[in-house]
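Undergrad:
Number of protein chains: 2
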Amino acid sequence: MAAKAPTIIDVAKAAGVSKSTAARVLAGLPNISDTARERVRAAAVAIGYERNTLAAGMRSGRSGLLGLVIPDISNPFWAEVARGAQDRAAAADLSLMVMSSDWDPATEARHIQALRRARVDGAVINPVSDQVGDLPGAGTPVVLIGSAAEAFAGIPSVGSDIHHAVTLGMDFLVSKGHDMPSLILGPPSRLARTRFLNVVRRHCIARDRDPGDLAIESADYTVRGGRAAMHRLLARRTVGHGCVFAANDMMALGALMALHEAGVNCPRDVSVLGFDGSPIGACSAPQLTTIAKPAREIAARAVSMLIDRIDRGTACAIEELRVHLPGRLVERASVADLSAAVRRRA
Amino acid sequence: MAAKAPTIIDVAKAAGVSKSTAARVLAGLPNISDTARERVRAAAVAIGYERNTLAAGMRSGRSGLLGLVIPDISNPFWAEVARGAQDRAAAADLSLMVMSSDWDPATEARHIQALRRARVDGAVINPVSDQVGDLPGAGTPVVLIGSAAEAFAGIPSVGSDIHHAVTLGMDFLVSKGHDMPSLILGPPSRLARTRFLNVVRRHCIARDRDPGDLAIESADYTVRGGRAAMHRLLARRTVGHGCVFAANDMMALGALMALHEAGVNCPRDVSVLGFDGSPIGACSAPQLTTIAKPAREIAARAVSMLIDRIDRGTACAIEELRVHLPGRLVERASVADLSAAVRRRA
DNA sequence: GTGAAAGCGCTAACAG
DNA sequence: CTGTTAGCGCTTTCAC
Numbered sequence: 001m002a003a004k005a006p007t008i009i010d011v012a013k014a015a016g017v018s019k020s021t022a023a024r025v026l027a028g029l030p031n032i033s034d035t036a037r038e039r040v041r042a043a044a045v046a047i048g049y050e051r052n053t054l055a056a057g058m059r060s061g062r063s064g065l066l067g068l069v070i071p072d073i074s075n076p077f078w079a080e081v082a083r084g085a086q087d088r089a090a091a092a093d094l095s096l097m098v099m100s101s102d103w104d105p106a107t108e109a110r111h112i113q114a115l116r117r118a119r120v121d122g123a124v125i126n127p128v129s130d131q132v133g134d135l136p137g138a139g140t141p142v143v144l145i146g147s148a149a150e151a152f153a154g155i156p157s158v159g160s161d162i163h164h165a166v167t168l169g170m171d172f173l174v175s176k177g178h179d180m181p182s183l184i185l186g187p188p189s190r191l192a193r194t195r196f197l198n199v200v201r202r203h204c205i206a207r208d209r210d211p212g213d214l215a216i217e218s219a220d221y222t223v224r225g226g227r228a229a230m231h232r233l234l235a236r237r238t239v240g241h242g243c244v245f246a247a248n249d250m251m252a253l254g255a256l257m258a259l260h261e262a263g264v265n266c267p268r269d270v271s272v273l274g275f276d277g278s279p280i281g282a283c284s285a286p287q288l289t290t291i292a293k294p295a296r297e298i299a300a301r302a303v304s305m306l307i308d309r310i311d312r313g314t315a316c317a318i319e320e321l322r323v324h325l326p327g328r329l330v331e332r333a334s335v336a337d338l339s340a341a342v343r344r345r346a
Numbered sequence: 001m002a003a004k005a006p007t008i009i010d011v012a013k014a015a016g017v018s019k020s021t022a023a024r025v026l027a028g029l030p031n032i033s034d035t036a037r038e039r040v041r042a043a044a045v046a047i048g049y050e051r052n053t054l055a056a057g058m059r060s061g062r063s064g065l066l067g068l069v070i071p072d073i074s075n076p077f078w079a080e081v082a083r084g085a086q087d088r089a090a091a092a093d094l095s096l097m098v099m100s101s102d103w104d105p106a107t108e109a110r111h112i113q114a115l116r117r118a119r120v121d122g123a124v125i126n127p128v129s130d131q132v133g134d135l136p137g138a139g140t141p142v143v144l145i146g147s148a149a150e151a152f153a154g155i156p157s158v159g160s161d162i163h164h165a166v167t168l169g170m171d172f173l174v175s176k177g178h179d180m181p182s183l184i185l186g187p188p189s190r191l192a193r194t195r196f197l198n199v200v201r202r203h204c205i206a207r208d209r210d211p212g213d214l215a216i217e218s219a220d221y222t223v224r225g226g227r228a229a230m231h232r233l234l235a236r237r238t239v240g241h242g243c244v245f246a247a248n249d250m251m252a253l254g255a256l257m258a259l260h261e262a263g264v265n266c267p268r269d270v271s272v273l274g275f276d277g278s279p280i281g282a283c284s285a286p287q288l289t290t291i292a293k294p295a296r297e298i299a300a301r302a303v304s305m306l307i308d309r310i311d312r313g314t315a316c317a318i319e320e321l322r323v324h325l326p327g328r329l330v331e332r333a334s335v336a337d338l339s340a341a342v343r344r345r346a
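Taken in order, these protein sequences are the chains called A and B. Just so you know, my numbering puts 15 at position 15 of the first sequence, and the rest follows in order with no gaps. Just so you know, my numbering puts 296 at position 296 of the second sequence, and the rest follows in order with no gaps.
1) According to the neighbour-count rule (16 or more other Cβ atoms, all chains shown, within 10 Å of its Cβ), is B/G102 buried or exposed?
2) What does A/E80 touch in chain B if you count any residue whose Cβ is under 8 Å from its own?
3) Cβ of A/F77 within 8 Å of Cβ of A/G169?
4) When the Cα atoms are used, what is the spatial distance from B/L253 to B/E217?
5) Consider the Cβ of B/L54: report whether some Cβ of chain A lies at a distance smaller than 8 Å.
6) Using a Cβ cut-off of 7 Å, pull out every chain A residue sitting near B/V17, in sequence order please.
7) For A/P105, which residues from the same chain have a beta carbon less than 7 Å from its beta carbon, with the 5 sequence-adjacent residues on both sides left out?
8) In its own chain, which residues sit with a C-beta less than 8 Å from the C-beta of B/D210, not counting the 5 before and 5 after it?
9) Could you please tell me which residues of the region 219 to 246 of chain B, in chain order, have their CB closer than 7 Å to any CB of chain A?
10) How about B/P267 and B/A219: do their beta carbons lie closer than 8 Å?
11) Enumerate, from N- to C-terminal direction, the unbroken beta strand (DSSP E) stretches of 3 or more residues contained entirely within the region 250 to 310 of chain B.
12) Mark A/K176 as exposed unless 16 or more other C-beta atoms lie within 10 angstroms of its C-beta, in which case mark it buried.
13) Note down, in chain order, each residue of its chain lying with its Cβ closer than 8 Å to the Cβ of A/A36, except the 5 sequence neighbours on either side.
14) Examine the Cβ distances between the region 255 to 262 of chain B and the region 222 to 237 of chain B and report whether three or more of them are shorter than 8 Å.
15) Starting from the C-beta of B/S284, find all residues in its chain whose C-beta is less than 6 Å away, skip the five residues before and the five after it, and write them out in chain order.
16) Across which residues does DSSP place B/L144 in a beta bridge pair?
17) Which chain B residues sit within Cβ distance under 8 Å of A/A299?
18) For the candidate residues A/R296, A/V223, A/P326, A/S271, whose alpha-carbon lies nearest to that of A/N248?
19) If you measure from the beta carbon of A/S284 to each beta carbon in chain B, is any gap under 8 Å?
20) Once you ignore the five residues that flank B/I307 on each side, which residues in its own chain have a CB closer than 7 Å to its CB?
21) Less than 8 Å between CB atoms is the rule here; does A/E108 satisfy it with respect to chain B?
22) Expressed to the nearest angstrom, what Euclidean distance is found between the alpha-carbon atoms of A/A42 and A/L96?
23) Any C-beta of chain A within less than 9 Å: which residues of the region 246 to 277 of chain B qualify?
24) For B/S33, which three-state DSSP category applies?
25) With a threshold of 7 Å on Cβ separation, who are the neighbours of A/G122 within its own chain once the five nearest residues in sequence on each side are excluded?
26) Pick from B/S182, B/F172, B/A165: whose alpha carbon is nearest that of B/R195?
27) According to DSSP, which residues form a beta bridge with B/E80?
28) Is there a C-beta anywhere in chain B that falls below 8 Å from the one on A/M99?
29) For B/E147 versus B/A192, is the C-beta spacing smaller than 8 Å?
30) At 9 Å on the CB atoms, spell out the chain B contacts of A/M58, in chain order.
31) By the three-class DSSP mapping on this structure, what secondary structure does B/I162 have?
32) Report the residue from A/A23, A/L94, A/D72, A/V158 whose alpha carbon sits nearest the alpha carbon of A/G327.
33) The alpha helix (DSSP H) spanning B/S95 covers which residue range?
34) Is it buried or exposed for B/V335, if we count other Cβ within 10 angstroms and need 16 for buried?
35) Do you know how far the Cα of B/C243 is from the Cα of B/M180?
36) Check whether chain B comes within 8 Å of A/A118, counting only Cβ atoms and requiring the distance to be less than that.
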């Protein structure tokens, strides 16, 4: 068993200076003689000193820790978010604690409590619960991400522009000659679902279609859920399912599986449009056409904003703190071009 | 701005007892009068007290933090590992810091330094560098995961039994009537690659084939890399590529893409066998047949072992601390059954 | 420029 | 059973 980790006192002793001189050098403060700086640096390296961020944080009130709470780390989209946040945090020399809430408000609450206890300097959270009481430890800066974020008054947020993104998808479907898509949405209780659905409804109304005719199935944002939902959709024989718009890529992938299992050819018989832009969508067959959200940028931006708030306090007006990043269409192979087919026939 | 977080002193004051009595109650120690316990608990809840784990850790020498260093959080296999570790850590009321090394030794080193500075109580690491100097902060318990783990003498490890897993794959290919597979392996410098390759070689020798005839391409464990490698393999016209064995699922998925792009039907013309058991393999077309490694169990086991070592010190013999979990064949649709075809013809 | 001293919030010995 | 007293390793006044 190695001896205890060397402290700043050990460094000071080895360098023959006082604790505070050593501290100053190590913190890179000015007003230090070159000799002292030299000797302290050498001593630190020599004895393998590594600053104890816990102890430092204790005194300075900064733990150097950031939290990230996302719904599902095994979903490649959220994994990308984690990557983006991680990288941005590391660039600021901050450590990130990533926690997966599993879409469960209770788990989310436990994670948030853990972050509070760890005295994180701030947290980026994708809220699962639509109503949250004390998301942060009172006074801890928080930045929300995701489509439901704006529901929380007074908390800054960054996310994709869901109205724009869904519209992008609907317009694309129309441009390819599709009519109203059937929908595979997330769990009924989620606010994100409502927002997604409402954009679709608005689109229907604008094109003189009855939103009430929309075939809708709900799932839990997983491949398995999307697959089951697609099967249910197929069982509804009264509705035509020329195309399906899924609210995330995992469910879209599940829909693809279901179609394959049911012997329905995609995109020839049924088209599928995803929503996320998971890199993994490029591996399905047919490759998934999807609306990509800039996962890494969203995360990086959220962390930047968080760091800003930590440093500058809650200075800026909240209105400036609603960032919307545009989605972008990634056209691959799961949506058929009916317009071309129509043209060909003519 | 909210006031500073309440401390144990605030609780004590509110409950009308001393700091240590409050501490005892909060720590659940015995020898406390029911009245005191009652009042402290009530006071804690009333003022919203939340223990400061940093401060606590400072005194007790335990930070309550665990580290996990994996190569790539966006790879679903490693995401599963993260999940497993996270869950196990949470069960022990420990927080986990997950870091992605990106297969880069320098990044890995930085992450490990961050963990050391955060004074994690222990860390689970998948070593990227085959030779590592001071992996842990001297004295910090470490458990290694992954196939290269055993190369580190004196550090306990848990991983899949790579010999068993690769053999499983080779035997399966043979049972389906395939001969020697072409290989898509990881980067040349990685120890894991050598071990994988050597099992294949041994298999060749046992079946009177010349290992020198093996067609081998290297990639970086990504979809993109696997795809490029498969294209290169296809370009080698001198070798027959009845089947390809990839060293991880992402590369196998990339191979599937390449095959599709080249107009080669899988599994009819070329079979592909993966290695990992990423859940996402079920979404490709054809669905990926693969050797599944128990990601969550590996991670959970590693964390359990780590906690054990933290609690009990470095007590047990290292020999007992090499855990190998068996892989398992997940037969889906990317490997053709040539034996059946042969039988049918007869 | 440098050192001495006072805590940050908590736990762990000690006494009572 | 409970209160008092030291620190954990660091930062941060405040003197010199």
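Glycine is no exception: its CB is placed at the ideal position from the N, C-alpha and C atoms.
TA: This is what the structure holds:
1) One detail in the question is off: residue 102 of chain B reads as Asp in this sequence, not Gly. Label assigned to B/D102: buried.
2) S74
3) no
4) 15 Å
5) yes
6) Neighbours of B/V17 on chain A: none; closest Cβ ~22 Å, over 7 Å.
7) V128, S129
8) C204
9) V223
10) no
11) 271 to 276, 289 to 292
12) buried
13) A15, V17, T21, V25
14) yes
15) L253, L256
16) B/I125, B/S157
17) Within chain B, no residue comes near A/A299; the closest Cβ sits about 12 Å away, beyond 8 Å.
18) A/V223
19) yes
20) A92
21) no
22) 30 Å
23) M250, L253, G254, L256, M257, H260
24) coil
25) L66, T140, P141, V142, L306, R309, I310
26) B/A165
27) None, per the DSSP bridge assignment.
28) yes
29) Contrary to the premise, residue 147 of chain B reads as Ser rather than Glu in this sequence. Yes. Within cutoff.
30) N52, L54, A55, M58
31) helix
32) A/V158
33) From DSSP, B/S95 is part of no alpha helix (DSSP H) but of the beta strand (DSSP E) over 95 to 100.
34) buried
35) 8 Å
36) yes
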